[in-house]
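In full-length UniProt numbering, the protein residues as written are 1 to 452.
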């Protein structure tokens, strides 16, 4: 019995070929690839190459070619099943068991994919037929080319009709995340009704969920997303990664924004290297997913207080996952702007100029915590230093941890040693008083002490 294709793809998505091969072959980066001496033949000049983006290795001296599973089978002499189990464990995934339950899960996945494909097709059809919704999107500055590229849709005032899904039962439709059960009226309702639809694709361009923006004032939530399902995990997916990953030959940078419109507006302005989180905080999985294609992600949040606070929290969470040769920076926009509004008002060039203001994660954390320092008393400084050292201790990679400890210690020394000594007058007064009291008798000293 074969392992499900989606299971194998998930493993390949979570693990780089260079991470597996690098455990037994000394690799050297060359551009966007890695090279090393072939593990399949004796050679003096490296002819063994690895392309993490495409997920394969190739040996020019022996002709060997394959993915991470093939490498373990050929080099470590594992059978395919053992290779899959070993890599699944490394990827933090449960071992796949060929049980009746797992077969049922795969059948459910196929149904899920079919339902979402039908929904996508009809959301797009509704959009093409609604002049008022198209007018709304044009009013937001979106072009027809961009609307088509992102497959923007419209649910219709009443949502998708159940007759489109006659081949599926109620349970399957609810589990797809598109419909929910209205208990009062005992019927299924499209949760995205009367909303502009933003389809969410995985890195292989397969639709896995939807986002919806309300087109009526009657909704409490302006934006909603598909709920988490068995097959849609927000912490493992990013909006527009399917398009952005193709830009990594032009740029090491990728912008990480909060909203659908932020991503779309930047993309339309020419910043195609942009992704958006799906209504959830950045995770380790997000970071590793981005690093697969880009070495220097830049988190670009709103310029208001909530955006700054969110960036601060994320920086202190993600520093734990920093690793050699991969970075993370932050770009806080001017107050009152999000990426969408800034680029629409100020244009592409002004947004590009903001890149000069991006701050690497180490300096970002240092400056944010420095602002929280209430005074320069020793105990306050000690608390400040302890906070930074505790963050360093959370870093998983020992080499990166060592360098961040040194980095923060140097920053602390530079920060406080360069400041002028304050409150010299009170100190001089104390010295003068000390000189005086040495001339007093013990009785006079006791009297003097009672005065203060």
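Don't be surprised by glycine CBs; every beta carbon is placed ideally from N, CA and C.
{"Item": "Which listed residue (139, 157, 113, 197) has its alpha carbon closest to that of residue 175", "Value": "113"}
{"Item": "Three-state secondary structure (DSSP) of residue 297", "Value": "strand"}
{"Item": "Pair within 8 Å by beta-carbon distance, residue 115 and residue 173", "Value": "yes"}
{"Item": "Per-residue DSSP class, three states only, for residue 98", "Value": "coil"}
{"Item": "Same chain, Cβ closer than 6 Å to residue 59, neighbours up to 5 away in sequence not counted", "Value": "38, 40, 48"}
{"Item": "Own chain, CB closer than 7 Å to residue 213, minus 5 neighbours either side, in chain order", "Value": "195, 196, 222, 223"}
{"Item": "Classification of residue 277 by the beta-carbon crowding that lies within 10 angstroms, buried from 16 upward", "Value": "buried"}
{"Item": "Coil, strand or helix - residue 320 by DSSP", "Value": "helix"}
{"Item": "Opposing strand residues paired with residue 200 [DSSP bridges]", "Value": "209"}
{"Item": "Exposure label - residue 14; buried when at least 16 CB within 10 Å", "Value": "buried"}
{"Item": "Delimiting residues of the beta strand (DSSP E) encompassing residue 464", "Value": "Shown here, the chain extends from 1 to 452; a query on residue 464 therefore has no answer."}
{"Item": "Three or more C-beta pairs below 8 Å linking the stretch 393-406 and the stretch 314-325", "Value": "yes"}
{"Item": "Beta-carbon proximity of residue 344 to residue 294, cut-off 8 Å", "Value": "no"}
{"Item": "Buried versus exposed, by CB contacts within 10 Å (16 or more), residue 378", "Value": "exposed"}
{"Item": "Same chain, Cβ closer than 6 Å to residue 454, five either side skipped, listed in chain order", "Value": "As shown, the chain starts at 1 and ends at 452. That puts residue 454 outside it, with no answer to give."}
{"Item": "Element boundaries [alpha helix (DSSP H), containing residue 410]", "Value": "398-417"}
{"Item": "For residue 350, the first and last residue of its enclosing alpha helix (DSSP H)", "Value": "339-353"}
{"Item": "Helix, strand or coil at residue 75 [DSSP, three-state]", "Value": "helix"}
{"Item": "Residues bridged to residue 225 (per DSSP)", "Value": "211"}
{"Item": "DSSP state of residue 42 mapped onto helix, strand, coil", "Value": "coil"}
{"Item": "Test item: CB-CB of residue 56 and residue 66 under 8 Å", "Value": "yes"}
{"Item": "Cβ neighbour criterion (16 or more within 10 Å) applied to residue 88", "Value": "buried"}
{"Item": "Cβ contact check for the stretch 189-209 and the stretch 217-237: 3 or more pairs under 8 Å", "Value": "yes"}
{"Item": "Touching by the beta-carbon criterion (3+ pairs, under 8 Å), the stretch 347-358 and the stretch 306-314", "Value": "no"}
{"Item": "Delimiting residues of the beta strand (DSSP E) encompassing residue 256", "Value": "253-257"}
{"Item": "Nearest-angstrom beta carbon gap, residue 111 and residue 168 [assumed within contact, 8 Å]", "Value": "6 Å"}
{"Item": "DSSP bridge partner residues for residue 390 (one or two, in chain order)", "Value": "Note: residue 390 sits in no beta bridge, so no partner."}
{"Item": "For residue 201, the nearest candidate out of 19, 217, 234 (CA to CA)", "Value": "234"}
{"Item": "At least 3 beta-carbon pairs within less than 8 Å: the stretch 301-309 vs the stretch 21-33", "Value": "no"}
{"Item": "Element boundaries [beta strand (DSSP E), containing residue 187]", "Value": "187-190"}
{"Item": "Beta-carbon gap between residue 242 and residue 203 smaller than 8 Å", "Value": "yes"}
{"Item": "Neighbour-count burial assignment, residue 398, 16 or more Cβ in a 10 Å radius", "Value": "exposed"}
{"Item": "Residue 132, buried or exposed, once every other Cβ within 10 Å from all chains shown has been counted against 16", "Value": "exposed"}
{"Item": "Which listed residue (107, 148, 297) has its alpha carbon closest to that of residue 329", "Value": "297"}
{"Item": "Beta-carbon proximity check, residue 268 vs residue 146, cutoff 8 Å", "Value": "yes"}
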